[in-house]
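What follows is a single structure, written as structure tokens, with notes after it.
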Amino acid sequence: MRVVTRKQHLDFEAAQAAPLQAGKRLRVPSDLDALAALVTLNPAHGAFVDTLDILIRSTFRMTTLRRSLTLLPNLTDLILIAPRIRSSSALHGVYLPQLQYFRTDLPHVILVNFLTVHPAIVDLDLVGNGEHGGALQCPLQTVNLGGVRNLHGPAPCVVLLASQGLVRLTMQLDGSASSSSVPLRTIAPPLFDLHTLILDIQDDDFDILESIAIACPRVRKLKLSEKALYKIQQNRRSQARRAYNNAYAWSKALKKLPELEELLLRTSTSLVRRPASWKDEHAVVTTWVNGRARMPSRAPLKPHPMLYHIGIWYGSGPFGGGCVTHWSKPSGTWERTVSILNAPAHLPFI
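Set out below in structure tokens:
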């Protein structure tokens with residue numbers, strides 16, 4: 001007969017008395033140990049959890065992680081940020097039949113088998129720089145991600161993983177990537193269902209809108225964030241030729257996205273002579289929208305057919321600053337709805 005110690009009895013009683021929680025946040029290895037013990041002693045707790053947020057920067061036992069996950073059969077949302085995990089078997093044998101949202105910084109080679117057995121994932125967020133230990137291309141390109149509708153990750157990877165049915169795509173640049181235009185042009189066939197595109201761009205991505213029009217011709221919401229890639233910019237001229245500095249050419253390029261409704265742009269360039277000037281900003285925004293008629297007396301301006309909201313954070317740096325301005329067209333006339341000078345770095349720009 002098995003002998004139950006007093007400590008085991010007390011642990012069991014505590015597990016039975018603990019309140020059920022649908023969401024769990026783990027920040028240190030002892031949190032993971034406690035979760036494993038709880039769901040082992042009382043499976044009802046494991047069945048009740050649908051959201052698990054793990055952010056542990058120190059080392060911990062992979063067996064504890066695997067045991068905990070396998071005892072959470074109804075988990076739908078999983079965040080797994082653990083920079084110390086490098087074992088290819090970290091998620092071996094883990095199957096979460098209800099998983100829909102997955103955010104992780106694990107090396108992509110570790111994720112191949114896990115993502116293969118989880119085709120129901122709809123929202124996939126790959127945190128990191130896309131380096132694959134010497135591999136030329138992302139290991140995940142062999143995985144069928146046809147069920148994913150929202151994909152977020154490093155540009156060299158996500159362009160290989162993007163598939164038909166995708167509705168939202170976020171592409172990040174790192175120090176090894178020189179442009180978003182080049183990766184975008186490798187997407188084939190075009191993503192006709194995509195309505196939201198969020199891109200890091202270089203200050204000299206001069207044909208970025210043309211590349212977007214080829215890859216995502218029906219995009220409705222577009223956010224472009226100029227990214228300072230210092231490794232590359234050391235050999236650059238300090239004043240790059242930004243596409244949006246030529247308002248007329250930018251207007252023409254915007255019209256290649258006929259279904260575009262919202263445009264957000266963050267840039268370090270000043271864009272206007274007088275920061276926060278209503279007149280200067282209005283001139284830029286209306287030129288972007290309307291372009292320029294060659295013969296004003298005969299040919300009226302042809303505005304963009306769908307664009308109704310433009311947000312610009314210009315003159316910004318890594319620590320904020322600059323000016324945030326939002327313009328909308330609620331009743332046929334463009335109006336400034338937001339103006340923030342010397343914007344703080346933490347300001348949401350959405």
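For what it's worth, our numbering labels the leading residue of the sequence shown as 1, then goes sequentially. Cβ coordinates follow ideal geometry from the N, Cα and C atoms, glycine included. The structure displayed is predicted, hence computed values, not measured ones.
Residue range of the beta strand (DSSP E) that includes residue i
i	result
N150	N150 to P154
V338	E335 to L341
Y314	H309 to Y314
T104	Y101 to T104
For residue j and residue i, the rounded distance between their alpha carbons
i	j	result
I340	K223	19 Å
Q234	H152	For Q234, the predicted model reports a pLDDT of 45, less than 50, meaning its position is unreliable and no value from the coordinates is stated.
E335	K329	6 Å
K351	C323	No answer is possible for residue 351: the residues shown for the chain start at 1 and end at 350.
I208	D200	11 Å
S225	D125	18 Å
L41	V158	41 Å
I85	T59	8 Å
T116	V143	6 Å
Y248	L78	45 Å
T333	I110	52 Å
S277	G315	13 Å
H346	G320	7 Å
P381	A47	The chain is shown from 1 up to 350; residue 381 falls before or after that span and cannot be answered.
I187	P139	17 Å
Q239	H45	Since pLDDT at Q239 reaches only 49, below the 50 mark, its modelled position is unreliable, and the value read off the structure follows with that caveat. Near 58 Å, if we compare the C-alpha coordinates of H45 and Q239.
Y95	T70	7 Å
T104	A82	8 Å
N150	P217	17 Å
V338	H326	5 Å
C-beta atoms of residue i and residue j nearer than 8 Å
i	j	result
G147	V122	yes
L145	L161	yes
P107	P73	no
L173	L191	no
I310	L263	yes
T381	G23	There is no way to answer for residue 381, as the model of the chain reaches only from 1 to 350.
R220	F349	no
L99	A120	yes
E373	V272	Limits of the chain in this structure are 1 at one end and 350 at the other, which puts residue 373 out of reach.
S180	A155	yes
Beta-bridge pairing of residue i - partner residues as DSSP gives them
i	result
P344	G320
E226	I201
K24	L52
D77	T51 and Y101
T116	T116 pairs with nothing; no bridge assigned.
As assigned by DSSP and simplified to three states, the class of residue i
i	result
T172	In the sequence as presented, Thr is not what sits at residue 172; that position holds Gln. Q172 falls in the strand class under three-state DSSP.
E261	coil
H326	strand
G332	coil
K221	strand
R66	helix
L126	strand
T287	helix
T269	coil
I350	coil
T196	strand
T59	coil
L111	helix
Bounding residues of the alpha helix (DSSP H) (the contiguous stretch that carries residue i)
i	result
T186	Counting along the chain, T186 falls outside any alpha helix (DSSP H), and DSSP gives it neither H nor E.
S251	A247 to L254
P29	P29 to L41
I212	I208 to A215
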